[in-house]
Each structure stands twice: as C-alpha cells, then as structure tokens.
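This report concerns only the one structure given below.
Number of protein chains: 2
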Amino acid sequence: MESKKLKQTQRIVLRLFMRGSHENIKRLITKLRPAESAELLAHIRRSDQIRFLQLLFEVRMAAPTIRELPAELAKDLINEFTDDTISEIVRRLPPDDAVDLLAYLPEERQETILNRLTEKERWTLERLRLYEEDTAGGRMTTEYIAFPHETTTAEALEELREKYQKSDLLYIYVVDDLGHLTGILPWRSLVFASGEEQIKDLMVRDPVRIEPDTPQEDVAKLVSDFDLLAVPVVDEENKIMGIVTFDDIMDVMVEEATEDMYHLAGLDTAERVFTPVSRSVRLRVPWLLINLGTALLAALTVSLFKDSISKFVALAVLMPIVANVGGNAGSQSLTVVVRGLALGELEFASQWKAIMKEVSVGLCTGSLNGLIMGVIAYLWYGNFWLSLVLFLAMIANLLLAGLFGALVPLLLKWANKDPALGSHILVTTVTDVGGFFIFLGLATVLMSRLNVPL
Amino acid sequence: MESKKLKQTQRIVLRLFMRGSHENIKRLITKLRPAESAELLAHIRRSDQIRFLQLLFEVRMAAPTIRELPAELAKDLINEFTDDTISEIVRRLPPDDAVDLLAYLPEERQETILNRLTEKERWTLERLRLYEEDTAGGRMTTEYIAFPHETTTAEALEELREKYQKSDLLYIYVVDDLGHLTGILPWRSLVFASGEEQIKDLMVRDPVRIEPDTPQEDVAKLVSDFDLLAVPVVDEENKIMGIVTFDDIMDVMVEEATEDMYHLAGLDTAERVFTPVSRSVRLRVPWLLINLGTALLAALTVSLFKDSISKFVALAVLMPIVANVGGNAGSQSLTVVVRGLALGELEFASQWKAIMKEVSVGLCTGSLNGLIMGVIAYLWYGNFWLSLVLFLAMIANLLLAGLFGALVPLLLKWANKDPALGSHILVTTVTDVGGFFIFLGLATVLMSRLNVPL
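The listed protein sequences correspond, in order, to chains V and B.
The first sequence runs 6 to 459 under our numbering.
The second sequence runs 6 to 459 under our numbering.
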C-alpha cells in the first residue's frame, strides 16, 4: 500500500483502538486486502498487534493476513495465540502455508494442533511436513485439480462449476487411467471448448514437471524460464503430488537473493531488521569471531615484518591501502561470480573463462591503481623504491583478489556448498594476508634502498 | 534445462555443425523451448552462436529465444544481424520486448528499423519508448484485451474465439463507456458464465492499478503482495495503457536483487560474468578509484600517529584488526538495513528503532570481540594498557559500524537515492578511518603507560 494511505490507516486504527471502537476497526479491516492488513500489523505496537490479529480472526481474515507477514513477526505472534485459534487458522490456510505456519511452533505444540484436525486434514499436512522447506515438496500445495484424460470438456465444466467455483486454480491437470500426469489444460481451452471433445485432445502434452526433492532455486529458475503460472510436482511414478505456484516462486526468488546477500556479508538468514538485539548478537557473533581469527592472521603477518616497520614507519602508513583496495577488488569479483552462479549464467564448461577474466581484470585494475598510488607515494615520500614496492604489491594483490574472488565460489559450488557462504571472509583473508605479506616482504627485501632519511 | 540434458544437446549441436547438417539442427531446435535454446546458445562459441541464431530465425524461433537471453549476449548478437532480420524479429516480439531489443542498437539503427515497420507497429513502439526502462511504462506490454462493461459474456466469448484464440491473455479488462478501467474479469468467470449476463456483473471491481511512471520495484512489490498475474497501467484519466505481467515482474525481482548486491560491492549493474575484460575494467575502475581515495584517507589517519608507531610497533601489528572487524560489522548492519528497505520491512516510522538496534548490537559484539582481542593481545604482548586500548577501540569502532551501517542507507533513501549505492564504501571509510584514529589516538594518549620494553 502506498506509504501515505498506510500512515493514514495506521492513524485511524490507533485512534479507534484508543477509543475501544473495535466494531469500527473490524469494518475497516474487511476493506483491506491481506497484504495491506499485514503491512499495517507490522507497523503497530506489540500489544495492538495481538488485539488487531484477534479482530482479524473474528472477521475471518487472520489466516490470509498471517500468510503475508514476515516470518519473524508471524512466529512471534502465532505463539501468543491459543491452541483453539491456531487450529482454526491452520484449517483455513492452504496446506503449504499451514505447514509453514506450524513450523513456527515448538514441536509438541505442533502435535497438539495436528491432533485437533480431522484425519484427512492431518494426513495432508503430515505428508507435506516430510519435505525440506526449501524444496519443491516443501513449497508445493496439494490444492490442485486433475481430471482423467477421457473426461469431456462438458463433464469437466460441470465438475468445476459444482466444486471449484470459488477456487483460485491456475491450470487443470490431466492424468491417464493409471493416474500418471499426461498434460495440462489452460482455462482458455475450456472457454473455447464445444463440450464434446475429450480434454486429452485439448491439453498441452508432456508438461514441465519436477520432483519433490528439487531444490527451490531450481524450481524458481524453471518457472521463470518458461513463464509458468504453476508447475506440477510428481513422484517417481509420474503421479501428481501437488503444485508449486508462481506466488510461491516469487517468494523463493526474494529469499534466494536475500540468502546470497546475507551470506556474502556473513549474516544468518534468520535475521531481519527488527530481530531483537540479543538474537541478532547471537546470530552475528560466530561470523565476527571467524573474522577476528582471520584478522589475527593478518596481524601475525604484519608482525613478521615489525623490524622493517620500526625502521621505516611509512610502511605502516601505506600497508592498509594495499589490503583495502585488494579487499574491495575481491568483493567485486566475488559478487559477479556468485550472482552469475545464482542466475545460471555460468552453468558449466565456462568456469575457466570466468576465472581467467577476473584474473585479467585484476591485472589491469591492479596496474592502474598501482600506478596512481605509486605516483602519490612518490609525491608524498619522494622515494622511488617505495613507490615501486607499492606499485608491484598493488598489482600482485589485485591479481590475488581476482583469482580467489572467482575461484572460491566456484570451488564451493563444485563441492556442493553455497557459493556465497563464507566466501567473502575467505577472499578478504587472502587479500589482507597476501597484501601485507607481499608489500612488507618486498619492502624488507629492498630495505637497503628504502631506508634513506626522509 | 538440466545440466546433463544441456550438455548432451550441446554436444549433438556441435557435432551437427561440424557435419554441416543444418536441417538436422533445425529439426532439433523446434523441439526445444525458447529458454532451452537460449541456454544452449549462451554456451557455444561466438561463430556458432551466429549460425545457430540464423537457423532459429529460419524456423521462426529467433524472437522468443532472444527474449530469454542475458541482456549482454542479446546485445552482442543482435548487432551482428542485418536490418531485414532485425525488423522481422521486432515484428514478432511482444511490443515491450521489442522495445527492449531495439534499445540494444545504436540510435540511428533504431530509426532505420522503426522506419521499416508499419505505421501502427511503429506508433506502438514509439509510445513505449517514451518511458524509462525501469518504470511500469517501460515494462508494460500493449497486448491486452479490454471489453466495454455492457458486453455480455456470450459476446465476449465470441470475440475471444475470433481474435484471441491463440493469445496468452492472463485477464480480461473491463472499461466503461468513456474507456475508464472499471474492473477485471478472470477467465474462470467466463467458463462459468451462462452467456447472457453483462461482464460488469461478473467482474472484480476497483482493481489494483498503477501509473506509467511507477518505479518497477514498487510494481513488483504490489504484484507479489497481491499474488497478481498482471497489473494494468492507467493514465491520469484512468484509461488503460497496457499491462505489466508476472513474468516481467519475476525479471524485475531478479534485477533489483542483483542491483542491490552489485551496488553494495561497488559494481556497475551493466556488468556480467562474461562481460569482456576491457569493459569490466572500465566499469570497475571508478569504484576502485573512489575506494583508493578512501584508503588514502585511512593512510593519512595512520600517518598522524607515525611517531607513536615508530616508538611502539605493536600498534602497526594490531591496528588492522580494529579496522577489519569494524568493516565486517559495518557490512552486516548495512546489508540487513539495505535488504530490509528493499523488502519493505522498514517502510516508515521505524527507522529510529532500526538505528538503535544496530547501535546496540554494535555495543554488544564490540564488547565481546574487544574482550577476546584484549585477552589475546595481553597473552601476546603482556601489556595491560595495550589490551585496554584495544578493548576500548573495538567497542568504539563496532558502535560506529552499527550507527553508520544503519544510518547511511536510511539517509540515502531519505534523499531519494539508492540505499545500496556507495553505502558500503562510505561505511568502511568510517570504520577504517575511525578505527585507526580511535585505536592509535588512545594509544598515543596512553603512550607513557604503553611504552615499556617488551
């Protein structure tokens, strides 16, 4: 919702809360869309949030609103509700969202809630819970419709009219006598149908399909490549188990991008802007400690050369430049390669080309930066040999930056790890340790030339 | 397409090229989906790419394939074609994609191509070209269908059967006598219609709509919040101008995430993994030069304290730790806030809370890291005062990291700039310069305590 409208609605709701006019709030709520209620909910005080959700529940809007909330907030709020209320909400959500919602509760409470559902509801949810959250199975919903392939369009229309008049079905799936998925029927075909043809003659054959353990990022890529509204999930016998819809795919795309950005920055994906301080600290400390370790490694490298530094303190002044520019060049290479991997631009065979490219870019930018810094250092210290050392160290460190910036994510990917996870810390360790070692090492070798009175 | 299938198809195509069996390639091509052809195309040599596209063109598959190609590659390839071929391709693409494709050509060549189209085709494209590429207007297609609101469902079906049997229409729009957008009709409603009702009685009223200058990220947020398949773009009189469809929205989401990641790393969004070295260097150098400037600032800070360093070289050994951990903590805060802004988690009123949170996290992690580093430094150098300086400097620098990590993107957003652009360099400048200044400054003040023989 537009920021203006949101602010206005927020003010009205707060005023109504103060007056205790809950009936008026309910009237207002029913005019909002779930995403709008969710946004509003995210922007009011905790105590009001609970009351607001209670009202949403009374007008049967709690389930769709919770579905639109950020995971963190949803979790906090759900845990405040009674078992009764949660069972009601679970019952009204599409099964895939219901499973996600259950996952916010402690294990034993999940069981309590499941025990309150009917056998059939429980079975549907239990089956969905088997799959990892970030796979097709974990993302799919079991709300789809499939007709036997010999159904006539008139029969199909009849059944749709009877049972699915209100449903938000994107496609109609077609199965053969043994229940195997054989095709997809767009709504459009039904509109244009005469009534007598069998749906197998109208369907799109051999549709794109996926298995329940397909990783969600692969599902997203497929759906986006083929501009699909939904993709069916089939078991090893090609029997349809559920579908993943485009709205879930949009969520996946956003999640995957967040994950990459977070991993590059050394953040846990569970964190959000408004995660409580104590939790954020717990989530960030491991990464900062790893980083502290690598920083110590860099300090140890510098300490190898403390004699040179004490003889020639300009080295201490200039050494951060080599490390810093190297770190940034490394980030650039890393980001291009990590994003390229995520977008599938690097699918196979061309890794070598990508590495060579980053090394070449490192060589060029290193030469340019080295030249500029060499000149500046010469103007500053008037020492040709110092400038030469700086020039050479810059080139060498930006070469390292390009090489490791490309190599680290590719190796992680090759080892079936997330190419973004930890790669930034690894690359900057290389450019820090490498940068200090090369710069101070070269300077130590040439110390007799350098150490002229300033 | 799966990596295995892709590799296999690639091998077959290369073999067929070597044999010159173009007819066989054509037969194979017609079995591939556009996204698959595009992927294949991206993975073969340049000379084969041109030949492959030529064959795609002959089997009328060039247009949809080019639509699926990464922008960089599409640009390179398009420019190799003759005006005749390009006009043909432009004619067959949906207007929004045709405009994007034209944009890959030099200005004068665009004119040449436009002049070869019919008056109507040209007018459609000219109108779309008026809008910025990253707005609703730049993203919309003019391929949609709108019926007057008094049309009966039977009339609507009749017209759809006649003219749109083959089209991929997501919704049917409804306009009043003056052409104002009044509602949306899902295909489903037509399926269930009796034939006599007017579409205004079946339509969803007051549909979500946007203006042509709405930024693409806002369009994406709207479409994803409401799980829409498409959203209409209307002019100031509420007359429908075009629609933005979910497949374009998926592209926008991917683009926006890439943009944020790139901007955080100091990269131009025009770059891709396989951008030629010379172009990559040109694109990266400005950022590296800005970074060189900030690194110089840090070096100048260190040089303020060169007397202290030459008296006590341990300072040069330990100072990178303060700056390095500060830089990483800054990246963490920055990434959380930038991503929070992109996902709309921070829409208004809560900026202050976000800043306070990051500062608090900085205080906690700073204390912890400072304590650990203090102990390590004590074990290393056996100097209590040095450890104290390190402890205090770590706390102060991680406070700075949290403060600026949250403040910089919020200020940029407030000034209507991209919150990710340049913010990383700004924050690390603060943590570098600040870290060095606080650590070396404190040490200088306490020099009499520090400078005991080791």
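The beta-carbon is built from N, C-alpha and C at its ideal position, and this holds for glycine as well.
These figures come from a predicted structure and were not determined experimentally.
- At a cut-off of 9 Å between C-beta atoms, B:Val394 does not count as an interface residue with respect to chain V.
- Pairing V:Ile83 with V:Leu110 gives a Cβ-Cβ distance under 9 Å.
- DSSP, read as helix, strand or coil, puts B:Met208 in coil.
- Counting the other Cβ atoms within 10 Å of the Cβ of V:Pro281 gives fewer than 16, which makes it exposed.
- Look at V:Tyr386 here: in three-state DSSP terms it is helix.
- Counting C-beta atoms within 10 angstroms of its own C-beta, V:Arg24 has fewer than 16 neighbours from the protein chains shown and is therefore classed as exposed.
- Taken atom to atom, the span from the alpha-carbon of V:Leu288 to that of V:Met246 is near 36 Å.
- When the alpha-carbon of V:Leu393 is set against those of V:Arg32, V:Asp265, V:Ala448, V:Leu426, the nearest one is in V:Ala448.
- Beta-bridge partners assigned by DSSP to V:Pro153: V:Val180.
- Setting aside the 5 residues that flank it on each side, B:Lys205 is surrounded in the same chain by His154, Glu155, Val179, Thr187, Gly188, each with a C-beta closer than 8 Å to its C-beta; the list follows chain order.
- A straight line joining the alpha-carbon of B:Pro75 with that of V:Glu138 spans about 30 Å.
- Using a CB distance cut-off of 9 Å, B:Asp218 does not count as an interface residue toward chain V.
- It is roughly 29 Å from the alpha-carbon of B:Ser26 to the alpha-carbon of V:Arg210.
- Boundaries of the alpha helix (DSSP H) harbouring B:Pro39: 39–47, taken from the DSSP string.
- V:Leu301 and V:Phe310 have their alpha carbons spaced roughly 15 Å apart.
- Note that the C-beta distance between B:Glu363 and B:Val327 is not below 9 Å.
- By the Cβ test, the region 134–148 of chain B is in contact with the region 246–259 of chain B, since at least three Cβ pairs between them sit closer than 8 Å.
- Close to B:Asp265, with beta-carbon spacing below 9 Å, are these residues of chain V in chain order: Ala262, Met266.
- Within the region 387–453 of chain V, the complete alpha helix (DSSP H) runs of at least 4 residues fall at 389–419, 428–450.
- Residue environment: V:Asp88 is assigned as exposed (fewer than 16 neighbouring CB atoms within 10 Å of its CB, all protein chains considered).
- Contact with chain V is absent for B:Ala68, since none of that chain's Cβ atoms lies less than 9 Å from the residue's Cβ.
- At a beta-carbon threshold of 9 Å, the residues of chain V lying near B:Arg277 are Val341, Arg344, Gly345, Leu348, Glu350, ordered along the chain.
- DSSP places V:Lys244 within a strand segment (E or B) once states are collapsed to three.
- Neighbours of B:Asp437 across chain V, judged by C-beta separation under 8 Å: Pro325, Asn329.
- With contacts defined as CB atoms closer than 9 Å, B:Ile443 and B:Leu408 fail to qualify as a contacting pair.
- In the DSSP annotation of this structure, V:Gly298 is not part of any beta strand (DSSP E); the continuous alpha helix (DSSP H) holding it starts and ends at 282–309.
- At a cut-off of 3 residues, the continuous stretches assigned as beta strand (DSSP E) that sit fully inside the region 102–163 of chain V are 151–153.
- Straight-line spacing of the CA atoms in B:Ala398 and B:Glu222 works out to 40 Å.
- Interface annotation, V:Ile17: not in contact with chain B, CB-CB separation never under 9 Å.
- Of the other Cβ atoms in all chains shown, fewer than 16 fall within 10 Å of the Cβ of V:Lys125; this residue is therefore exposed.
- As DSSP reads the structure, B:Gln203 sits in a beta bridge with B:Thr157.
- Not flagged as an interface residue toward chain V: B:Pro424, since no C-beta distance is shorter than 9 Å.
- Counted as a single uninterrupted DSSP element, the alpha helix (DSSP H) harbouring B:Ile91 occupies residues 88–97.
- Cα atoms of V:Val239 and B:Leu294: separation of roughly 53 Å, rounded to the nearest angstrom.
- Two segments are said to touch when three or more pairs of C-beta atoms, one from each, lie closer than 8 Å; by this definition the region 307–322 of chain V touches the region 309–323 of chain B.
- Partner residues in the beta bridge of B:Pro237, as assigned by DSSP, are B:Ile248.
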